[in-house]
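Residue numbers (my numbering): 1417 to 1772.
Note that the Cβ used here is the ideal one computed from N, Cα and C, for glycine as well.
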Ligand code: ASP
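Structure below.
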């Protein structure tokens, strides 16, 4: 464990990218509903920022977005903001709504190839201007972590979500709570840091870039990808209808337990036919914890024969954004399948990488 404290911190420069979300919202006095506000307003509520030991600059999305409105084009804007400013800053903090934060974190982890600086995403459950807000500590801690260096080298050179007590790998995250401050978890991966009286970084779990190559940003994300939750009682019409969506390229199929689904011949036939048409179907589990293992039961085996591939312990958020990225790069279905079985940037617990 490495403990970050104000004394062992080298001075860093940080770019804050404010995209919106509850952290910067204010209440409309007439309707009582929350509306996004600009960054200056947000900073007014955090006088502590003046005491932060690092230099920071900010840019903001205009208008700031509720994260339910954020999509691939906004991820591209965030990736571009990082890439355009990459050489001028030691780390990046992205302020973002919590609702789709896990998708954004997953997407950026694929879009920022060869990242060697921290991109720390945070937000809050209560607006920063509210009494009892969780926004202040999330923001200040995110800055501390984005700034953390050891002998000039970033300590956490990956896309992460920093929220309450944990620093988490971005592409392993799920939003798990709409009511409580502890909103995110990475069920299949250990936290990268525990945030309490001290910030303790578990370096063992932090991604070690295997390369010193320059950052390569990728901006094209193909949106022709969906999540399909298998339910007891699913009908051939539903399955066929979904797999016949025009231009559909990829499906994160959420199955039961270790990757099980109905083994009716019609079910397997429909999947097989879609797979033969070039639709990439990745099997991910509906369970929070654990991995798909398609060789345990007959149904898994039948799906393997039908061309379905295992998503192991990847989250749906990660499987979806990884396919958007791979199709966005223009890869053919077979190549996408090959890469889906590899860990590109620590998104699944498997030792295949693009290089081996
Ligand atoms: N609706 C808000 C958003 O995701 C919720 C939040 O920030 O917590 O933008």
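Short Cβ contact (8 Å threshold) for residue i with residue j
i, j, result
"residue 1611", "residue 1582", "yes"
"residue 1404", "residue 1440", "Any answer about residue 1404 is impossible in this case: the structure gives the chain only from 1417 up to 1772."
"residue 1646", "residue 1418", "no"
"residue 1528", "residue 1575", "yes"
"residue 1483", "residue 1437", "yes"
"residue 1763", "residue 1738", "yes"
"residue 1536", "residue 1643", "no"
"residue 1757", "residue 1723", "no"
"residue 1565", "residue 1733", "no"
"residue 1631", "residue 1471", "no"
"residue 1743", "residue 1641", "yes"
"residue 1675", "residue 1759", "no"
"residue 1656", "residue 1696", "no"
"residue 1718", "residue 1761", "no"
"residue 1599", "residue 1514", "yes"
"residue 1671", "residue 1699", "yes"
"residue 1507", "residue 1570", "yes"
"residue 1452", "residue 1479", "yes"
"residue 1450", "residue 1443", "yes"
"residue 1430", "residue 1509", "yes"
"residue 1629", "residue 1573", "no"
"residue 1596", "residue 1511", "no"
"residue 1729", "residue 1604", "yes"
"residue 1496", "residue 1607", "no"
"residue 1516", "residue 1579", "no"
"residue 1425", "residue 1626", "no"
Buried/exposed call for residue i, threshold 16 Cβ in 10 Å
i, result
"residue 1489", "exposed"
"residue 1568", "exposed"
"residue 1660", "exposed"
"residue 1668", "buried"
"residue 1469", "exposed"
"residue 1682", "exposed"
"residue 1477", "buried"
"residue 1577", "buried"
"residue 1550", "buried"
"residue 1772", "In this predicted model, residue 1772 has a pLDDT of only 44, less than 50, meaning its place in the structure is not dependable; the value taken from the coordinates is given anyway. Looking at its Cβ environment, which holds fewer than 16 other Cβ atoms inside 10 Å, residue 1772 is exposed."
"residue 1663", "exposed"
"residue 1649", "exposed"
"residue 1559", "buried"
"residue 1601", "buried"
"residue 1691", "buried"
"residue 1421", "exposed"
"residue 1586", "buried"
"residue 1588", "buried"
"residue 1428", "buried"
"residue 1432", "buried"
"residue 1448", "exposed"
Proximity test, residue i beta-carbon vs the ligand GTP heavy atom, cut-off 7 Å
i, result
"residue 1482", "Of the ligands one can find in the structure shown, namely the ligand ASP, none is the ligand GTP."
Taking contact to mean 3 or more Cβ pairs, one atom from each stretch, closer than 8 Å, check whether the segment 1745-1762 and the segment 1699-1711 are in contact.
no
Could you give the uninterrupted runs of the alpha helix (DSSP H) lying entirely in the segment 1681-1765, keeping only those of 4 residues or more?
1681-1692, 1714-1721, 1732-1744 and 1749-1756
Inter-stretch contact at 8 Å, needing at least 3 Cβ pairs: the segment 1521-1531 / the segment 1608-1621:
no
Measuring CB atoms only, is the segment 1602-1616 touching the segment 1630-1638, in the sense that at least three cross pairs come out at less than 8 Å?
no
Is there contact here, the segment 1499-1510 with the segment 1453-1467, by at least three beta-carbon pairs under 8 Å?
no
Runs of 4 residues minimum, wholly inside the segment 1498-1527: which ones carry the alpha helix (DSSP H) assignment?
Those alpha helix (DSSP H) runs which fall completely within the segment 1498-1527 and span 4+ residues are 1517-1527.
Enumerate, from N- to C-terminal direction, the unbroken beta strand (DSSP E) stretches of 3 or more residues contained entirely within the segment 1620-1674.
Within the segment 1620-1674, the complete beta strand (DSSP E) runs of at least 3 residues are 1641-1645 and 1666-1671.
Just to confirm the assignment: which complete alpha helix (DSSP H) runs, minimum length 4, are found wholly within the segment 1542-1583?
Entirely contained in the segment 1542-1583, the alpha helix (DSSP H) runs reaching 4 residues are, in chain order, 1551-1563.
Completely contained alpha helix (DSSP H) runs for the segment 1442-1489, where each covers 4 or more residues:
1455-1460
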